[in-house]
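One structure below.
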Amino acid sequence: MKNIGLHEPYLVGNEVKYLKNCIQANWVSTSGKYLELFEKKIKEITKTKFAIPVLNGTIGLHLSMILSGVGKDEEVIVPTITFVATINAIKYVGANPVFMDTDQYLNIDEDKTIEFIKNNTNKKGKYSINIKTKKKIKALVIVHTFGNAAKFEKLYSLCKKKNIKIIEDAAESLGTFYKFNKFKKKYTGTIGDFGIISFNGNKIVTCGNGGVLLTQNKKYYKQAIHLVNQAKNDNTRFIHDKVGYNYKLSNISAAVGLSQLEKLNIFIKKKKIIRNLYKNKIKKIKNLDMFESPNYSDNNNWLNLVKVDEKKSKKKAIDLIKKINQLNFQLRPVWYPNHLQKPFKKCQRYKINNSIKLFKSCICLPSSSFLKKKQIELIVDSLKRFLK
Ligand SMILES: Cc1ncc(COP(=O)(O)O)c(C=O)c1O
129 MKNIGLHEPY
139 LVGNEVKYLK
149 NCIQANWVST
159 SGKYLELFEK
169 KIKEITKTKF
179 AIPVLNGTIG
189 LHLSMILSGV
199 GKDEEVIVPT
209 ITFVATINAI
219 KYVGANPVFM
229 DTDQYLNIDE
239 DKTIEFIKNN
249 TNKKGKYSIN
259 IKTKKKIKAL
269 VIVHTFGNAA
279 KFEKLYSLCK
289 KKNIKIIEDA
299 AESLGTFYKF
309 NKFKKKYTGT
319 IGDFGIISFN
329 GNKIVTCGNG
339 GVLLTQNKKY
349 YKQAIHLVNQ
359 AKNDNTRFIH
369 DKVGYNYKLS
379 NISAAVGLSQ
389 LEKLNIFIKK
399 KKIIRNLYKN
409 KIKKIKNLDM
419 FESPNYSDNN
429 NWLNLVKVDE
439 KKSKKKAIDL
449 IKKINQLNFQ
459 LRPVWYPNHL
469 QKPFKKCQRY
479 KINNSIKLFK
489 SCICLPSSSF
499 LKKKQIELIV
509 DSLKRFLK
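So the sequence shown is residues 129 to 516, counted in our numbering.
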């Protein structure tokens with residue numbers, strides 16, 4: 129059996145046809161039919177009012193910081209467990225992260241974050257000020273980790289009161305939506321002031337490298353379009369009224385992305401099957417549990433995780449990962465907590481403990497949409513063997 133990666137692209141639709149079309153029409157750069165169709169399709173899927181295709185998810189986060197007005201020496205609240213891009217984007221605008229703990233789904237701990245905002249900030253004029261650092265807290269990032277929607281209804285209301293902008297990092301959760309309550313039927317990325325989705329090669333659908341910035345606010349949309357287009361005011365004379373960016377997605381990438389989006393529903397169905405296959409096999413294994421997904425949302429099941437019961441098992445998750453990676457498939461730990469990473473070590477953190485426990489005990493499993501039952505059996509059997 130050939131190598132099984134953690135999450136690989138599944139290019140089985142109109143990719144080649146659309147790419148050929150792009151090349152034959154000679155529309156390969158930052159405008160063209162596929163960019164328009166890609167944007168339209170994203171709007172249809174997520175029901176967002178506005179979507180701006182950009183070069184990747186990281187850039188979407190950078191733009192969200194700029195448009196939220198986050199500036200030098202200001203602060204952004206963020207969970208410690210996320211891909212480093214979320215934190216880097218805060219640093220790109222000269223601001224600092226304030227790290228929060230995560231809940232049982234590795235999403236931001238809503239209760240602790242509310243406690244932090246209520247007990248550790250003061251409102252001064254328009255803004256919330258961090259009592260300890262005396263800095264303005266301008267934004268909060270919600271990350272929908274591994275495709276699971278984060279719980280943040282109460283936090284959303286509090287941030288509205290405190291004038292803290294909400295940026296949703298929905299890089300991994302395209303297609304995930306809420307089933308109940310205030311956010312019912314809303315897709316991740318479309319609730320906050322800004323949302324971003326990534327189309328990196330390891331996501332549920334890919335452009336190769338690509339992203340999209342979502343907003344429900346026309347003013348922000350217009351500002352974003354202006355910024356990604358080098359802040360050009362006049363196409364004939366090249367007049368620019370501020371420092372802009374060359375951040376637009378290309379028609380070529382959008383062509384691949386469109387073809388992939390046409391398959392999203394099929395991939396989501398396949399991922400439900402993959403999750404159930406894992407679940408059924410794993411429940412028979414001692415000292416190993418399937419990492420649960422929240423039931424308040426319909427999740428895209430982008431990546432499946434298991435949790436090693438480290439109290440009962442003699443084996444640690446990291447030892448299993450190292451052993452199994454010598455075979456022909458790839459396992460991965462959860463991201464290293466960012467408040468412990470060298471560039472962010474001095475940044476403030478608040479009562480972080482669950483993140484560390486889950487970081488130590490969780491293992492990410494191969495979850496590509498094309499995974500076969502036999503491959504899943506092989507993976508789980510190896511886990512079982514090494515756990516003994
Ligand atoms: C949670 C999270 N945020 C941000 C990103 C950045 O997206 P991109 O790789 O498209 O820049 C990724 C993935 O790569 C991610 O998983």
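Beta carbons: idealized from backbone N, C-alpha and C, even for Gly. For clarity, every value in this text was computed on a predicted model and none was experimentally measured.
Inter-segment contact for the segment 445-456 and the segment 399-410 is absent: fewer than three beta-carbon pairs are separated by less than 8 Å. Shown here, proline 471 sits in a helix according to DSSP, grouped into three states.
Just so you know, the alpha carbons of isoleucine 402 and isoleucine 504 end up roughly 8 Å apart. Cβ-Cβ separation between isoleucine 209 and proline 465: approximately 6 Å, consistent with a contact (criterion under 8 Å).
Where leucine 448 is concerned, the enclosing alpha helix (DSSP H) starts and stops at 445-452.
For aspartate 426, the pairing in a beta bridge is given by DSSP as Phe305.
In the structure shown, cysteine 492 adopts extended strand secondary structure according to DSSP, grouped into three states. Comparing alpha carbon positions, the residue from Met228, His354, Lys485 and Asn482 closest to phenylalanine 366 is His354.
DSSP places asparagine 328 within a strand segment (E or B) once states are collapsed to three. In this structure, DSSP gives glycine 275 a helical state, which the three-state scheme calls helix.
With contact defined as three or more Cβ pairs closer than 8 Å, the segment 159-171 and the segment 492-499 are not in contact.
Aspartate 509: member of the alpha helix (DSSP H) spanning 501-515, first to last residue. Residue state for alanine 213 is assigned as helix, using DSSP reduced to three classes. The set of residues with CB atoms less than 6 Å from any heavy atom of ligand 1 reads, in chain order, Asn184, Gly185, Thr186, Thr210, Phe211, Ala213, Thr214, Val271, Asp297, Ala299, Glu300, Ser326, Asn328 and Gly339. Counting only runs of 4 or more residues that sit fully inside the segment 333-359, the alpha helix (DSSP H) segments are 346-356, in chain order. Looking at the DSSP output, alanine 267 sits in a beta bridge with Val204 and Lys293. Annotation for tyrosine 162: the continuous alpha helix (DSSP H) segment containing it runs 161-174. In the DSSP assignment, serine 497 falls outside any alpha helix (DSSP H) and carries neither an H nor an E.
In the three-state scheme derived from DSSP, where H, G and I count as helix and E and B as strand, aspartate 321 is classed as coil. Contact check between the segment 317-333 and the segment 178-198: three or more CB pairs, one atom from each, fall below 8 Å, which counts as touching. Between the segment 422-438 and the segment 470-483, the count of Cβ pairs shorter than 8 Å is below three; the stretches do not touch. Note on the segment 359-411: whole alpha helix (DSSP H) runs with a minimum of 4 residues are 379-389 and 392-410, in chain order. By the criterion of a C-beta distance shorter than 8 Å, asparagine 248 is surrounded in its chain by Asn258, Ile259, Lys260 and Tyr478, once the five residues flanking it on both sides are discounted. Measuring C-alpha to C-alpha distances from cysteine 490 to each of Ile507, Lys444, His368 and Asn235 identifies Lys444 as the nearest.
In the DSSP assignment, tyrosine 255 falls within the beta strand (DSSP E) that extends over 255-258. When only Cα atoms are considered, threonine 316 and glycine 338 end up about 18 Å apart. Taking a C-beta distance under 8 Å as the contact criterion, tyrosine 162 and leucine 392 do not qualify as a contact pair.
Distance from the CA of asparagine 154 to the CA of threonine 214, rounded to the nearest whole angstrom, comes to 35 Å.
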